[in-house]
Amino acid sequence: MSAHYFNPQEMINKTIIFDERPAASVASSFHVAYGIDKNFLFGCGVSITSVLLHNNDVSFVFHVFIDAIPEADIQRLAQLAKSYRTCIQIHLVNCERLKALPTTKNWSIAMYFRFVIADYFIDQQDKILYLDADIACQGNLKPLITMDLANNVAAVVTERDANWWSLRAQSLQCNELEKGYFNSGVLLINTLAWAQESVSAKAMSMLADKAVVSRLTYMDQDILNLILLGKVKFIDAKYNTQFSLNYELKKSFICPINDETVLIHYVGPTKPWHYWAGYPSAQPFIKAKEASPWKNEPLMRPVNSNYARYCAKHNFKQNKPINGIMNYIYYFYLKIIK
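Heads up, the final residue of the sequence shown is numbered 338 in the UniProt record's numbering, and it's a clean run with no missing numbers.
Pasting the structure below:
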């Protein structure tokens, strides 16, 4: 069944393919997709590496949907494919149809690439795994690969707790969401059901409605929760264990990451590729980085006032007061010249 709202021929300007899979594994390959802008390339490359490290008995095809990519990162992805005998496809997205969609200071139009991705695989793959680039894998994905989605559009993991679901239900004026509000960073997508439900078309229609947009906080995620009410399969939190590295600033907190965790989702502004994220909770990412073509890349420094402020806070938490003072000075400098 073909029901593309986003036609691949129109939406993809160019595809670059690095296929180093053994011939015998091609037919059984499972497809994993990321939708990013250049700011998440580092994270994406390491995320792919983490999946490969912990699933070396699975054949994958990784798809990176991005609007523009530096040559150096193209070469790193080529090296990654060769090192792990996998397939990586880079799809350069034509963003013209997305430019009118609402964005925020934290999320660019790349958040809508997941709709382009799902439509891209209609008629190609029955099931695909979409991952945000701030996810590190530390376990076996086979239960997801073999999962029966029945008539559900996607398998998802809830976000936070019942109190949060109630708040989202109130904000979005949808009482049904009190039963469960999901995080859109991990989506195991049933492409046939996605097409039958015209998910992308419905999403774009709602995003063009100012009354709907006025109620949204997390644009793509809120929209998906509204469209997919009663059409998702809720799965174990170990497949999308959400953790903010800024929780490390608290005097006490419960870290949800444990040995059972399969996919760690580093939500929030501080990412594991930031140099101020030096905590044990970021180690799954760091270990994958060291096994990737990004191993010699330095962790990222603060590039704006918001990051400089968080950097300073973490410096003090990590007993690095001189660094903290310097980054607070940098923060005020950036605020002044803004």
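Backbone N, C-alpha and C fix where the C-beta goes; we use that ideal spot for every residue, glycine too.
Keep in mind that this is a model prediction, so the values were computed, not measured.
Using a 10 angstroms sphere on the CB of residue 261, the tally of other CB atoms reaches 16 or more, which defines it as buried.
128 is the residue among 136, 128 and 135 whose C-alpha sits nearest the C-alpha of residue 146.
Non-local C-beta neighbours of residue 85 in its own chain, meaning closer than 8 Å and more than five positions away in sequence, comprise 20, 21 and 22, ordered along the chain. Only buried fits residue 308, as 16 or more other CB atoms lie within 10 angstroms of its CB. Separation of residue 208 and residue 93 (C-alpha to C-alpha, rounded to the nearest whole angstrom) is 21 Å.
The residue among 188, 96 and 306 with its C-alpha nearest the C-alpha of residue 152 is 188.
Beyond the five residues adjoining it in sequence on each side, residue 140 comes within less than 8 Å, by CB distance, of 54, 55 and 262 in the same chain, given in chain order. Between residue 225 and residue 182, the alpha-carbon positions lie close to 7 Å from each other. At a cut-off of 4 residues, the continuous stretches assigned as alpha helix (DSSP H) that sit fully inside the region 112-194 are 113-120, 142-145 and 162-171. Inter-segment contact for the region 25-37 and the region 117-134 is present: three or more beta-carbon pairs are separated by less than 8 Å.
The straight-line gap separating the alpha-carbon atoms of residue 269 and residue 150 is approximately 36 Å.
For residue 308, the uninterrupted alpha helix (DSSP H) segment begins and ends at 305-317. When the Cα atoms are used, residue 334 and residue 122 turn out to be separated by approximately 46 Å. When only Cα atoms are considered, residue 64 and residue 40 end up about 11 Å apart. At least 7 Å separates the beta-carbon of residue 288 from that of residue 245. Taking residue 238 as the centre and dropping the five residues before and after it, the same chain places the C-beta of 260, 261 and 262 closer than 6 Å to its C-beta, in chain order. Along the length of the region 16-103, whole beta strand (DSSP E) runs at least 3 residues long occupy 30-36, 60-66 and 87-93, reported in chain order. Straight-line measurement puts the Cα of residue 102 at about 8 Å from the Cα of residue 219. Rounded to the nearest whole angstrom, the CA to CA distance from residue 132 to residue 323 is 31 Å. Residues 203 and 206 of the same chain have their beta carbon placed closer than 6 Å to that of residue 223, with the five preceding and five following residues left out of the count. Residue 89 and residue 42 have their C-alpha atoms roughly 16 Å apart. A straight line joining the alpha-carbon of residue 305 with that of residue 107 spans about 17 Å. Uninterrupted alpha helix (DSSP H) stretches at least 4 residues long and entirely within the region 209-276 occur at 210-213 and 219-227, given in chain order. Annotation: residue 321 to residue 49 spans about 34 Å, alpha carbon to alpha carbon.
Rounded to the nearest whole angstrom, the CA to CA distance from residue 5 to residue 119 is 7 Å. In this structure, residue 292 and residue 45 form a Cβ contact; the two beta carbons are roughly 6 Å apart against a cut-off of 8 Å. Note on geometry: alpha-carbon atoms of residue 135 and residue 336 lie some 34 Å from one another. Rounded to whole angstroms, the separation of the alpha carbons of residue 99 and residue 77 is 27 Å. For residue 13, the three-state secondary structure derived from DSSP is strand. A Cβ-Cβ contact shorter than 7 Å links residue 265 with residue 242. Taking a 10 Å sphere around the C-beta of residue 229, we find fewer than 16 other C-beta atoms and assign the residue as exposed. Around the Cβ of residue 10, a 10 Å sphere holds fewer than 16 other Cβ atoms; the residue is exposed. With contacts defined by Cβ atoms closer than 7 Å, residue 156 and residue 232 form a contacting pair.
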